[in-house]
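Numbering (the working numbering), first residue to last: 9 to 216.
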């Protein structure tokens, strides 16, 4: 069992983080110091209370917003990437809660003063201007010659393994390879138009 609070030195906090990360401890008691920014191998989070911190100068709306943000971040500590595809969060109300039989989840959350559980987590939808490029690649409709500048740069670093051995084929169709091939073709046409002498020099150079 470990502890992680703001009262600890940073070195002590780091020691608790490392112990949990290396499976030396299985349970980590923490305050809001762990609510965000750390990827720990946790599969479950138990949250005691639905209020975090207190600022007497802040309005009730602002205090609720801050608590909501920190609590949702705390829930997000479980099930991080490369740890678990699923996670569980248990929210223990800060006061006794009474609900009627048959109450739904939203009603229970409101009764427990855990309104944040009924709301969106304020995450921003992430979009990319390269979505169309990826759709073309996956749909097999990609045409190198029609790519825009950003797509050309991005595609140089992309490979998709739709089937076995397919990724090399995608790499061969990258803009860099396409440009190199076009340059070789231009040089070949130039050499051919210059007559046999140019061709013979090119052949001897290749043999050397």
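Note that beta-carbon positions come from the ideal geometry of N, C-alpha and C, so glycine has one too. For clarity, every value in this text was computed on a predicted model and none was experimentally measured.
- With distances taken between CA atoms, residue 98 lies nearest to 117 out of 17, 117, 111 and 65.
- Sequence-distant Cβ neighbours of residue 35 in its own chain, meaning closer than 8 Å and more than five residues away, are 9 and 10.
- Listed in chain order, the alpha helix (DSSP H) elements of length 4 or more contained wholly in the stretch 17 to 48 are 18 to 29.
- Between residue 95 and residue 89, the C-beta gap is not smaller than 7 Å, which leaves the two residues out of contact.
- No residue range can be given for residue 120, since it is assigned to no alpha helix (DSSP H) and is classified by DSSP as neither H nor E.
- Residue 28 sits buried, since 16 or more C-beta atoms from the chains shown fall within 10 Å of its C-beta.
- Counted as a single uninterrupted DSSP element, the stretch harbouring residue 111 is not any alpha helix (DSSP H), since DSSP gives it neither H nor E.
- Taking residue 25 as the centre and dropping the five residues before and after it, the same chain places no C-beta closer than 6 Å to its C-beta.
- In summary, residue 76 is buried, with 16 or more beta-carbon neighbours lying within 10 Å of its beta-carbon over all protein chains present.
- DSSP lists 100 as the bridge partner or partners of residue 56.
- Residue 64 is classed as exposed because its beta carbon has fewer than 16 other beta carbons within 10 Å across all chains shown.
- Residue pairing of residue 10 in beta bridges, as defined by DSSP: 36.
- In terms of Cα proximity to residue 80, the closest of 19, 40 and 160 is 40.
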